[in-house]
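These protein sequences, in sequence, are chains A and B. Counting in my numbering, the first sequence runs from 294 upward without gaps. Counting in my numbering, the second sequence runs from 4 upward without gaps. Built from N, CA and C at the ideal position, the CB exists for glycine as well. This report refers to the structure that appears directly beneath it.
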Amino acid sequence: MAKGFHLRHLLGAALLLAALLPAAVVSVMMLDRHFTTLQSKSTQEMARTLDTMADDVRFKFSIFANNLQLFSRDRLMIQALDSFLFAGHAFNALQSFVEQSPLVSSVYLLDAEMLVVEEFGGNIVALEEGPLSQQLRQAQKQNRIADGRQLLLTFHDARLVGDEAYAETGNGIAVVVPVYRHSSREGVTRPAEGYLLAILPWPGIYSALSPHLKERERLAVLRNGQLIAGPSDGHFNLSDDDAVATAERLTIGSNYSDQTLEYTLLMQVSRSLRNSEVAQARLEVSTTIGMLLAAAGLAAWALMRWLIAPFRRLTTLIEDFGHGNYHSADQPFGFAEFEEVRLLLGRMADTIGAQLHSLREQNLALETANSEKEEYNRRLLGFNDELERRVIEKTGALSESLRREEKSRQILQALLHIGVELQQESDGELESAALVELRHLYPEYPLAMLVKGPQGLSPLVQAGLDEASTDWLGKQMAAALSANLPLAPELRFANSSFQTFTMYASNNSKLGILVLKAEALELGARDIMRLFCKQLAAIIEGRLLNAELDRMAHTDSLTNLANRKAFDEALGQASAMLTRYPEHPFGLFIIDANGLKEANDKFGHAAGDQLLVAIARILSQVSRKTDRLFRLGGDEFAILVTGGNSHSCSLLAERLKAEQGRHRLELPSVAGNVSLLVSFAFGYASTDETPPPQLFREADSRMYSAKQRHYQENRRYERH
Amino acid sequence: MRFPALLLSSLCALASFAHAGQSLQLWHAHQSHDFIAQIAADFSRQSGHQIKVTPFAPGEAKAELLLGAQSGLMPDIILVPSDFLGLYQELRLRPVDNGWNDPDTMPAARATTVVGRSQWGVPVIQGNHLMLFYNRKYVSEPASSWEQLIKQKSAIEAKGAQLIGWNYGEMYWFVAFLGAFDGWPMDGDEITLNTPAMIAALDYYKGLSSQGVIAADCTYDCAQKKFNAGEYAYAINGDWALADSRRELGQNFGVAVLPMVGERQLKPMSSTYALAFPMVNDDPGKVPILKAFARYFQSTERQQKIFATTRLLPVNRKAFNVAKSSTDAETSVILQQLELARPMPSSPLMALAWQAMAKGHQRLMAGASASSAAAAMQALADRELAKRGDP
């Protein structure tokens, strides 16, 4: 930026100075002259207003006096004075007169004795009783109301003025004129028939003057220095220090009267109010001049802007050129010198532009190469990012896989442990152990389990379930297992979900049910549960099969009684018990079927089997519940009598005897049905008399003895 | 034989109208202008003599007639209240004989037109008495006493109307109150205004104004235009205004007997309206036409028609009996009020009494006491009598 003054600023300042300075000087001079004029005009205006008011009152009074004079010659007045009956007409005329006379409030028609004949707008009582009536009578006596001349009187009577608002002043002018019967020539004296009296209240006259007053002006009417009429608000101070007062003499007279009434009109304006008005006017004028000067300044500024704009544009153009902007000079200059510079710069711009174009193309090629390189780099970075992301993903997946692997390993270990544990558990603890293991694996799921045992359903086991849910689930599971009914994979009870897993045997029958309280199970957990249930089912099935095998090993398949193996074990156990508890003896019965061979031979082995079954049934019926029955093989049975001393054994022997000969077996044969007697031989021994090792032999021996007796007796019968 | 005789007499009568096809003037100040104009038109059509009817404002009628008489500008016929006949000298009226009356004209009505020894006009309608008009929009049951009426004031004003209006400064209205206090402006031929009854009545009358029952500047407009416009709930007005109010208010219009002052019944004046005949040019040729018009107006047929259209009471006995037998409530009130009214004295002094009362009332309203106003009334009347040379 070059140092020194800008030419355009100097030019602008000169223009503003030339525009504003003369106007400001002239305005100040005019303002001063205006204030001087205002001062004198205000005073003149007050005087002029008072003059106008005085003229107005004189004019209106003059009109009124003329009208009254004419009205006094109205024939209606005479008629009313003549006859009371015409008063109605006079009333209308009086009304009309008052309505057409702006200063008059009332008018009275008086007879020669000054008594009211008719009136309009007045107050008869006030007039007759008031001081004006006295004045009238006195004037009549003094012959002052004569020769058709009007008499002007002033009075003070609020009731006659008729407006209570002016009661304090109550001043007015009364004008009386005589009424004659006949028109007469000038100079002839004759008595009046009556009088017309017009009342002009000062409040009314004052109201007629009020429109001449401006807002700040106040007027008073004085007579002999006394206030006669003033503003309606009563605020008029004759000795107001703040007031600027102007007075005007008011003389009221009539063409028909030699009298005049002298008054003074006094106008006041508040000095402070006027000063403030002058100040207001000064402010208004000053504001106007200020606005005019501002407008002139604005105009000069606009002109300056217009003139210096090319300078500024040229400067900008050159600056732009300097900064390499060669295209900002398209618009031509108004001034020729500037235009030449612009064209020169334009040509220079073209040359520079061509050079720049070449440079720009080279730059463009470089930029393209650069951008391609940047793109390559960007892609490389993207590839790296992607690679990193994938490594993270793979690492995550691997971690997850490992975690699952670990979990699966744990579960497998748990399952293996469970398998081993369960194999080792005794019957009653199988379910509890399984439950503990499951709870250990999935502590978040409350669960219950019900399985079949060798003796039917095992008791329900549960962990973490409430009582109601346990009961309900117990019933559901028991029903499903007992009746082998299907069970839904998910049960709902008390707004809870229960996932069910059924344990199936190899023949597809239900072995047990596991229930987990869970809304849903993830697939892994469900698979593990199924696996667990399969393992548990295998164990339960094995347990059941073992029990069955054990049962079959100790049972005679024909009679369903315990077999010889069971007898040997039982006898061994009883002997061992007797050794430990000698006070608890036991007895042993050996029973042998009679006629088995014969039945087999005659009727076939089926008949022999029926005979053995019948004997087994009889033995079961007569034995006590504590007694144990065995089929030792062939036709031989045994009864191990728990607590069986000799006496109790004899009682059983009696019951067995009682059964002899009571049962027959109906067998079919080619010759028809044959009835075969069911009979058996038995012998017994008790440990209270026979030591256990000899017990079987003793009992068996006694049985043989009995059998011998049976056959002997049978042969004897056959011989007979 | 009868028909030729009738024809002959008619021809004679027509022949007696020496000035057939004449034009006559009739002035009146009755509010029901229409029925007068109708009768004049009917008569004109029947007789061939034109009767031009000119109405005047009621308040100015007397003075207009007196002025007219003084200046010799009077019509051939005037229709005026019977008390105007007392001014027969001032109005230069023509005396009439009994032949001007219809044979069925009621004697009492005829008596109102007799002043001194002569009859100065022929009565055509009677009544002319004041009644209480009311607007049913504001009043369901008309007040029977002033006390009741005053009690209704606030309720009526709440409905946006004013209580009551009448021509307060007009003495024809005041005299009904004077009657309530047993006063009367005339005692025979003597004006009696300064009486205790007058003082009591003036006191009461002024009290109605000062209590705000009625505005002192209420004129006939209150009772007529403003009442008919629905601005007033009540009005006191005469039978002459019935037709107008009935037409303007329709179903809302009601009429009742004037309310009582305590136990005292208001006694309005009743009078007749009479045709009178100023002797303008004393043209004897017009006399038969005037007489025929008088008889025509009093005929039973005309009188019945007047009552039927205006409810103005007939002076014809037959027509009056028909009116009396009417069963409508309005006629019943009109007749009931008529019975309570007192006939207006036909004394020539009555005109002075009216004026004296008006002037006294003016004084009363200007602040004078009732007693001094009554004294002023009497003094004014006495002075006027003295001026006339009467004792």
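By the C-beta density criterion, A:V713 is exposed, having fewer than 16 other C-beta atoms within 10 angstroms. For secondary structure counted as the alpha helix (DSSP H) over 4 or more consecutive residues, the stretch 865–947 of chain A holds these complete runs in sequence order: 889–896, 898–915.
In this chain, the alpha helix (DSSP H) harbouring A:I371 covers 368–375. Using beta-carbon distances, A:H382 counts as an interface residue toward chain B, with a partner under 7 Å. For the pair A:R921 and A:L933, the CB atoms are nearer than the 7 Å cut-off. Among the residues of chain A, none has a CB under 8 Å from the CB of B:E342; the nearest is roughly 32 Å distant.
Using a C-beta cut-off of 8 Å, the stretch 739–750 of chain A makes contact with the stretch 805–823 of chain A, since at least three inter-stretch Cβ pairs fall below that distance. Here B:W176 carries a helix assignment [DSSP, helix/strand/coil].
Annotation: A:N464 is outside any alpha helix (DSSP H); the continuous beta strand (DSSP E) that includes it extends over 464–472. The residue among A:G865, A:A813, A:L369, A:T608 with its C-alpha nearest the C-alpha of A:H475 is A:L369.
Within the same chain, M272 come within 6 Å of B:V178 by CB-CB distance, once the 5 residues on both sides are set aside.
The DSSP-derived three-state label of A:Y401 is strand.
For B:G370, the nearest beta carbon of chain A is closer than 7 Å to its own beta carbon. Closer than 7 Å to the CB of A:I371 there is not a single CB belonging to chain B. Cβ contact annotation for A:T336 (same chain, cutoff 8 Å, sequence separation greater than five): V537, T539, in chain order. Rounded to the nearest whole angstrom, the CA to CA distance from A:H650 to A:F631 is 28 Å. Judged by their CB atoms, B:A356 and B:P188 are nearer to each other than the 7 Å cut-off. In this structure, DSSP gives B:D286 a state outside helix and strand, which the three-state scheme calls coil. For A:L596, the closest of A:K858, A:I884, A:A307 by C-alpha to C-alpha distance is A:A307. No Cβ of chain B is located within less than 7 Å of the beta carbon of A:V571. Secondary structure of A:Y669 (DSSP, three-state): helix.
Only N416, I417, V418, A419 from the stretch 409–422 of chain A bring a Cβ to less than 7 Å from some Cβ of chain B. Per the DSSP secondary-structure output, A:T447 pairs in a beta bridge with A:I466.
Bridge pairing for B:I194: B:M189 [DSSP]. Contacts between B:G62 and chain A, judged by CB atoms closer than 7 Å, involve G381 in chain order. Within the DSSP bridge table, the entry for B:R345 names B:M272 as partners.
For the set A:A899, A:L881, A:T557, A:A587, the Cα lying nearest the Cα of A:F989 is the one of A:L881. Fewer than three Cβ pairs drawn from the stretch 999–1006 of chain A and the stretch 39–49 of chain B lie within less than 8 Å of each other, which leaves the two stretches out of contact. Rounded to the nearest whole angstrom, the C-alpha separation of B:Q381 and B:L196 is 5 Å. The stretch 903–918 of chain A and the stretch 950–960 of chain A touch, with no fewer than 3 CB-CB distances between them shorter than 8 Å.
Counting only runs of 4 or more residues that sit fully inside the stretch 116–143 of chain B, no alpha helix (DSSP H) segment turns up. Assignment of beta strand (DSSP E) within the stretch 745–832 of chain A, counting only whole runs of 3 or more residues, yields 754–756, 783–786, 789–797, 803–810 in chain order. Taking 7 Å as the cut-off between beta carbons, the residues of the stretch 48–73 of chain B near chain A are G62, E63, K65, A66, L69, L70, in sequence order.
Around the CB of A:H940, fewer than 16 other CB atoms lie within 10 Å, so the residue is classed as exposed.
Contact of B:Q365 with chain A by beta-carbon distance below 7 Å involves I417. Nearest to A:S968 by C-alpha distance, out of A:A892, A:A589, A:L361, is A:A892.
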